[in-house]
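Participant: My questions all concern the structure below.
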Amino acid sequence: MPFLCLLYFVNYLDRVNIGFAGPNGMNEELGLTATMFGLASGIFFLGYLVLEVPSNLALHRFGARRWLARIMISWGVIATAMGFVPNAATLVVLRFLLGVAEAGFFPGIILYLTYWFPKAQRAKAVAMFMAAVPVSSAIGATVSSVLIDAGDGLFGLSGWRVMFLVEGVPAILLAAATWFYLTDRPEKAAWLTADERRWLADTMAAERAETEQTHHWPLRKALTHPRILALAFVYFGISYGLYALGFFLPSIIAGFEQQFGTELTTVEAGLVTAVPYAVAAVAMVLWAAHGDRTGERVWHVALPMLLGGVSIPIALYLGNPFSAMVAVTCCAVGVCAAVACFWTLPSGFLAGAAAAGGIALINSLGNISGFAAPYITGALRDLTGSQRTGMWVVGVVMVVAAVVVVVLRATPAGRDEGTGRRVEHAD
């Protein structure tokens, strides 16, 4: 788990570090408006959308070790090349290619965790892995800010270019480590005893068999059923809040100077940006552990979504930077707590190739928000001259998605193999 967290830390940092580059010289140097910045930030997810499902099916077939290493070296090379972009058009192209390169990484890890963790421990395992998101946003905010500040002029490059160069290299190095270190399945784990391997493999096989017998979801159904599309919308709502925060929180904090007269250096702004994510990292693990302990799934997704949806627009109406940051922190806690528990929903009724395809499709469609959130937020800022309208859209989308997850319930009705009767799963 620590190794997987490290991989996702680097992955997420390379995905959102454009948010730190923008207000720290990149937008000015490349002549980007807020709308163009939103396009460059979000077009990543269009490339991501194209190859998500085939990439996850390839991981299911060839194994996580080989496929994740291939993904990582591809994105590492492109992330490093971001340091040399000469103009806005090249930036947009490279961001699109970065999405193509990264496609399959996140849903691949979510699928990989279903090979190793029984359902009763899975939410906490996903939360531990996804803690890399707030941690990368917290530590990454400070690291990125320091690199921009200290790297300015190094090799004759602007600080934001040095940041892209330095933060792209770890993915290339970790690709080699992944190839040699990661274990595909429990039965291949030399670091477990023979009894441990046998127990874990048998437990996971029994759970997969029970899921397949109860729910009967083949791959085709997992790629076409309305429930999957509805779950994709729920994930869209969660991700909309996550990426709106990730791409625009540095800009919101930069706006404190104009709104409140607060003056912050680049490093100080990075440290302030880190606060909401540091709190969210702890909260998401505790909330997911509570979900595993109680066995309840639906409200463990819906309640934090409601918290996040209400908090984010309120943050921009508060009268001082401290109260505004409290509201932003509540939003970060809500988004991160929801996303950690969300992935227990599809894995509750999908198994095997259906899980590979269904999880990838949910992630792929849900991550359209990664394009929509920064682009719409940036466009609304250009149109209105304020962040407020864009943040209201974030809040509304999250609240609607919370209502959808309550309506859906945790799992669809299955059939008892002995009686053939429908079995309701409303937990």
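Taking the numbering used here, the leading residue of the sequence shown gets 5, the next gets one more, and so forth.
No residue lacks a Cβ here, since even glycine has one placed at the ideal position from N, Cα and C.
#1: Do Phe49 and Ile372 have their CB atoms nearer than 9 angstroms?
#2: Determine the direct distance from the alpha carbon of Ala136 to that of Val403, and round the result to whole angstroms.
#3: How many Å lie between Phe168 and Ala92 at the Cα?
#4: Excluding the five sequence neighbours on either side, which residues of its own chain have a C-beta within less than 6 angstroms of the C-beta of Phe240, listed in chain order?
#5: Can you say whether Gly160 is buried or exposed, counting buried as having 16 or more other CB atoms within 10 angstroms of its CB?
#6: Leaving aside the five residues before and after Val411 along the sequence, list all residues of the same chain whose C-beta is less than 7 angstroms from its C-beta, in chain order.
#7: Residue ranges of each alpha helix (DSSP H) run of no fewer than 4 residues wholly in the segment 341-406, ordered along the chain?
#8: Would DSSP call Pro280 helix, strand or coil?
#9: Would you kindly work out how many angstroms separate the C-alpha atoms of Leu72 and Tyr321, rounded to a whole number?
#10: At 3 residues or longer, what runs of the beta strand (DSSP E) sit wholly inside the segment 132-192?
#11: If Asp18 sits next to Ala83, beta carbons under 8 angstroms apart, how far is it from one beta carbon to the other, in whole angstroms?
#12: Can you tell me whether Glu428 is helix, strand or coil according to DSSP?
#13: Could you check if Pro174 is buried or exposed, using at least 16 other CB atoms within 10 Å of its CB as the buried criterion?
#14: For a test of the three-state rule: what should DSSP assign to Tyr321, helix, strand or coil?
#15: How about Tyr447 and Ala377: are their beta carbons less than 9 angstroms apart?
#16: Going straight from the alpha carbon of Phe375 to that of Glu216, what length do you get?
#17: Residues in its own chain within less than 6 angstroms of Gly87 by CB, not counting five upstream and five downstream?
#18: With Val97 as the anchor, note down where its alpha helix (DSSP H) starts and where it stops.
#19: Are there 16 or more other CB atoms within 10 angstroms of the CB of Asn324, so buried, or fewer, so exposed?
Facilitator: Well, looking at it:
#1: Taking 9 angstroms as the Cβ cut-off, Phe49 and Ile372 qualify as a contacting pair.
#2: Answer to the nearest angstrom: the Cα atoms are 25 angstroms apart.
#3: Cα to Cα, Phe168 sits roughly 15 angstroms from Ala92.
#4: Gly370, Ser373, listed in sequence order.
#5: Here Gly160 is exposed: its Cβ has fewer than 16 other Cβ atoms, across all protein chains shown, within 10 Å.
#6: Around Val411: no qualifying Cβ.
#7: Taken in chain order, the whole alpha helix (DSSP H) runs of length 4 or more contained in the segment 341-406 are 348-351, 356-370, 372-388.
#8: In this structure, Pro280 counts as helix in the three-state DSSP scheme.
#9: Straight-line Cα distance between these residues: approximately 43 angstroms.
#10: As far as the segment 132-192 is concerned, it has no whole beta strand (DSSP E) run of at least 3 residues.
#11: Yes, Asp18 and Ala83 are in contact; Cβ-Cβ is about 4 angstroms, under 8 angstroms.
#12: The pLDDT assigned to Glu428 is 44, lower than 50, so where the model puts this residue is not dependable; a value taken from the coordinates is nonetheless given after this. It is coil, neither helix nor strand.
#13: Result: buried.
#14: Annotated three-state conformation of Tyr321 is coil, per DSSP.
#15: Nothing can be reported for residue 447, as the shown portion of the chain is limited to 5 through 431.
#16: Computed Cα separation, rounded: 34 angstroms.
#17: Once the five neighbours on either side are set aside, the close Cβ partners of Gly87 are Arg165, Phe168, Leu169.
#18: For Val97, the enclosing alpha helix (DSSP H) begins and ends at 92-106.
#19: Within a 10 Å sphere around the beta-carbon of Asn324 sit fewer than 16 other beta-carbons, which makes this residue exposed.
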